[in-house]
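J.: Mapped onto the UniProt record's numbering, the consecutive letters of the sequence shown carry residue numbers 1 to 475. Here a beta-carbon is modelled for each residue, glycine too, at the ideal position from N, C-alpha and C. Quick caveat, the model's predicted, so the values are computed rather than measured. Just passing along the structure, written as structure tokens.
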Amino acid sequence: MTKVSIAPMQQSIRSVQVQANTSRPSPRSSTFRAAGSVVGPAAKNTTDSYKPGKWDIFMLGITIVIGGQYFCWNAGISAGLWSFFIAYLLIGTAYVALCCCTAEITGALPFAGGAYGLARCTLGFYPAFMIGCCEALEYIAYVSTSTIAFVDLVVDAVPEAKPIRPLLWGLFYLSALIFHIKGGRAFWVFNLVLGVVSLLIVLLYCIGSLPFVNFARYAADSNLEFVGGFQGFMKALPLAAWFFVGVEALPMASGQVEQAKHVVPTAQVGCVLTLFGTGIFVYFITVSLPPGIASLPTELVPFDNGFTLLLDFPRDCAISTSNLRHRVWIHVVLWKTYCGNGDVQHETPYAALIAGTTVSYALCLVVYWAPSIGQYLFNICMLAGFMSYTEFRSPFGSWGALYSMLVWVLSIVGIVVFQGNGSVETFVFITVVALLTLFYFVYARKRQTFSPQENRVMLVAHVTKFNIKKVAAAQ
């Protein structure tokens, strides 16, 4: 039996609380099977489990995203200093608007199901299935891209290790898998420490590099302000997502947080604003350091330009320290693949963790056997991501959601039309979508289930919607 209480609140919108009656067993539905699953680090019981707070969620966002500000983004400078900065502002403000929208949803209906779970409650089963698959593909491909980049740093420092790259990938995935399966307090404590260290690295780089900054000498080049015109801008636009990609995953931690309505929205908005600020500092500090903006797009680790000057040690040593930074960062990036947490009473689903890791490692092997695919992997990742981005109140309202959606559509156009490689990413993505659609209608459609958490969210959503209509009709 379920008890529903409705109480008045501001703006005539009702607050709904749903509490299960544990004195009687819940009857089985004739239509849906209740399926409770947990993905990501979770404690095995509620008594000893660690309850993350606002700073834990904030630092989770930092550790997921901040590594993208260390490197890889600099390839976008090939479009020109100001052209890529405009791209940064577009992508950055779109992520701010997106996070404000998701924070408003989380503030009303805290739900760990991510875009997939919310889409099931709003758009229907098939659109939700495709959105969930796109989101999973984004995270898995992003982890593969980051792992390949990490091993490339190792190979750059130790060229003899190049033939054993698949072994290095496997060892990394194995260590990360063991870490995530353990989960619980160990994960959150490690995440908090790593978040602080990661943020301090950025601050050390920005502040420590200031004595060596010379914008007029190294960045102010009239020939490198807008390179390639509109086509160059559109080609580089998706690369600006390196500064932010992953911060949208924070609401997936709602299942582990007490008072998620208040904690998660505040932490997510604070995190994306922090990343927006650090991104601007990193951008202008990096372009203003020697050897200059002309060589920056080809730099493997642009942070090393500052650390070699600040700490006065050889570049090989700087690359080695970058290896360490990159390794600890990817451990937490893997959280995004597995962080759709459910009820903390359930154990961590080893099968889901192993499956996600296996697919991600398989993508690395595909790149090893066909190296040319590596240059398309990030674009495939972001194409999938942009497809899925479609008591806190967003200050931007519906216009913020519309603006964010328009930027994602523009970014999709940049990947599909302006990459100049025969639209390989597009054909791969369309093929994957076609296969997933076939899988859905042949197999998944008849076997989909509702979890208890989804049932609660849908009940609250429907009752709230009914009350809003009732209030509107009475006015």
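Answer yes if the segment 394-403 comes into contact with the segment 355-372, meaning at least three C-beta pairs across the two stretches below 8 Å, and no otherwise.
T.: Cβ pair count under 8 Å is below three, so no.
J.: Suppose you measure from the CA of phenylalanine 230 to the CA of alanine 79; what does that come to, to the nearest Å?
T.: Phenylalanine 230 and alanine 79: Cα-Cα distance of roughly 9 Å.
J.: Report yes if the C-beta distance between glutamine 268 and cysteine 99 is below 8 Å; otherwise report no.
T.: Yes. Within cutoff.
J.: Just curious, the alpha helix (DSSP H) that glutamate 138 is in, first and last residue?
T.: It spans 125-157 - the alpha helix (DSSP H) in which glutamate 138 sits, taken as one unbroken run.
J.: In the DSSP assignment, the alpha helix (DSSP H) including asparagine 305 goes from what residue to what residue?
T.: Here the alpha helix (DSSP H) through asparagine 305 covers 303-311.
J.: Using the C-alpha atoms, what's the distance from asparagine 467 back to alanine 473?
T.: Answer to the nearest angstrom: the Cα atoms are 10 Å apart.
J.: Determine the contact status of phenylalanine 125 and cysteine 206, defining contact as a CB-CB distance below 8 Å.
T.: Not closer than 8 Å, so no.
J.: Is isoleucine 430 buried or exposed, if buried means 16 or more other CB atoms sit within 10 Å of its CB?
T.: Answer is exposed; the Cβ neighbour count stays below 16.
J.: Does the Cβ of asparagine 305 have 16 or more other Cβ atoms within 10 Å, making it buried, or fewer, making it exposed?
T.: Asparagine 305 should be labelled buried.
J.: Helix, strand or coil: how does DSSP classify phenylalanine 215 here?
T.: In this structure, phenylalanine 215 counts as helix in the three-state DSSP scheme.
J.: Below 8 Å CB to CB, which residues in the same chain sit around isoleucine 380 once its five sequence neighbours on both sides are set aside?
T.: Answer for isoleucine 380: Leu137, Ala141, Glu425, Val428, Phe429, listed in chain order.
J.: Among the residues of its own chain, which have a CB less than 6 Å from the CB of cysteine 72, if the five just before and after it don't count?
T.: Cβ neighbours of cysteine 72 beyond the five flanking positions: Trp242.
J.: Please give me, in chain order, every unbroken run of the beta strand (DSSP E) with length at least 3 that falls completely inside the segment 394-433.
T.: For the segment 394-433, not a single whole beta strand (DSSP E) run of length 3 or above is found.
J.: When you compare the CB positions of threonine 286 and proline 297, do they come within less than 8 Å of one another, or not?
T.: No, the Cβ-Cβ distance between threonine 286 and proline 297 is not below 8 Å.
J.: Hey, would you say valine 247 sits closer than 8 Å to isoleucine 64, going by beta carbons?
T.: For valine 247 and isoleucine 64, yes; Cβs fall inside 8 Å.
J.: Would you kindly report the start and end of the unbroken alpha helix (DSSP H) that includes methionine 59?
T.: Unbroken alpha helix (DSSP H) run through methionine 59: 54-65.
J.: What's the C-alpha gap between tyrosine 148 and glycine 68?
T.: One point to set straight first is that residue 148 is isoleucine, not tyrosine, in the sequence displayed. If you take the alpha carbons of isoleucine 148 and glycine 68, they lie about 14 Å apart.
J.: Just the C-alpha distance for lysine 51 and proline 127, rounded to the nearest angstrom, thanks.
T.: If you take the alpha carbons of lysine 51 and proline 127, they lie about 33 Å apart.
J.: Beta-carbon within less than 6 Å of valine 407's beta-carbon, same chain only, minus the 5 sequence neighbours each way: which residues are those?
T.: If we look at valine 407 and ignore the five residues flanking it on each side, its Cβ neighbours are Leu90, Ala94.
J.: Applying the criterion that 16 or more other CB atoms from any shown protein chain within 10 Å of the CB defines a buried residue, is phenylalanine 439 buried or exposed?
T.: Burial call: exposed.
J.: Do alanine 87 and phenylalanine 233 have their CB atoms nearer than 8 Å?
T.: Contact flag set, yes.
J.: Are the CB atoms of leucine 436 and methionine 130 within a distance shorter than 8 Å?
T.: Yes, the pair counts as a contact, with Cβ atoms nearer than the cut-off.
J.: Determine the direct distance from the alpha carbon of glutamine 419 to that of arginine 217, and round the result to whole angstroms.
T.: Answer to the nearest angstrom: the Cα atoms are 31 Å apart.
J.: For alanine 220, which residues of its own chain have a beta-carbon under 6 Å away from its beta-carbon, when the five flanking residues on both sides are left out?
T.: Here the set comprises nothing.
J.: For tyrosine 283, which option in Met59, Ile62, Ala75 has the closest C-alpha, if you only look at C-alpha atoms?
T.: For tyrosine 283, the nearest C-alpha among the options comes from Ala75.
J.: By a C-beta neighbour count over all protein chains shown, 10 Å radius and 16 as the cutoff for buried, is arginine 120 buried or exposed?
T.: Buried, since its Cβ has 16 or more Cβ neighbours within 10 Å.
J.: Which residues bound the alpha helix (DSSP H) around proline 265?
T.: Element bounds for proline 265: 260-287.
J.: Looking only at its chain, what residues have a beta carbon closer than 8 Å to the beta carbon of valine 413, apart from the 5 residues adjacent to it on each side?
T.: Closer than 8 Å at the Cβ level, and outside the excluded window around valine 413, lie Met234.
J.: Give the DSSP-derived three-state secondary structure of proline 297 in the structure shown.
T.: Reduced to three states, the DSSP call for proline 297 is helix.
J.: Excluding the 5 residues flanking tryptophan 188 on each side, which residues of the same chain have their C-beta closer than 7 Å to its C-beta?
T.: Closer than 7 Å at Cβ, skipping near neighbours: Tyr50, Pro52, Asp56.
J.: Between valine 154 and leucine 174, is the Cβ-Cβ spacing less than 8 Å?
T.: No, these two residues do not count as a Cβ contact at 8 Å.
J.: Under a three-way DSSP split, which group does phenylalanine 190 fall into?
T.: Helix, per DSSP.
J.: Tell me whether the beta-carbon of phenylalanine 386 lies closer than 8 Å to the beta-carbon of serine 411.
T.: Going by C-beta atoms, phenylalanine 386 is nearer than 8 Å to serine 411.
J.: So which of Ala444, Ser451, Phe85 has the shortest CA-CA distance to phenylalanine 226?
T.: For the residues Ala444, Ser451, Phe85, the minimum Cα distance to phenylalanine 226 belongs to Phe85.
J.: State the CB to CB distance for the pair serine 254 and valine 245, rounded to an integer number of angstroms; the pair is presumed to be in contact (CB under 8 Å).
T.: Wrong, their Cβ atoms sit about 20 Å apart, outside the cutoff.
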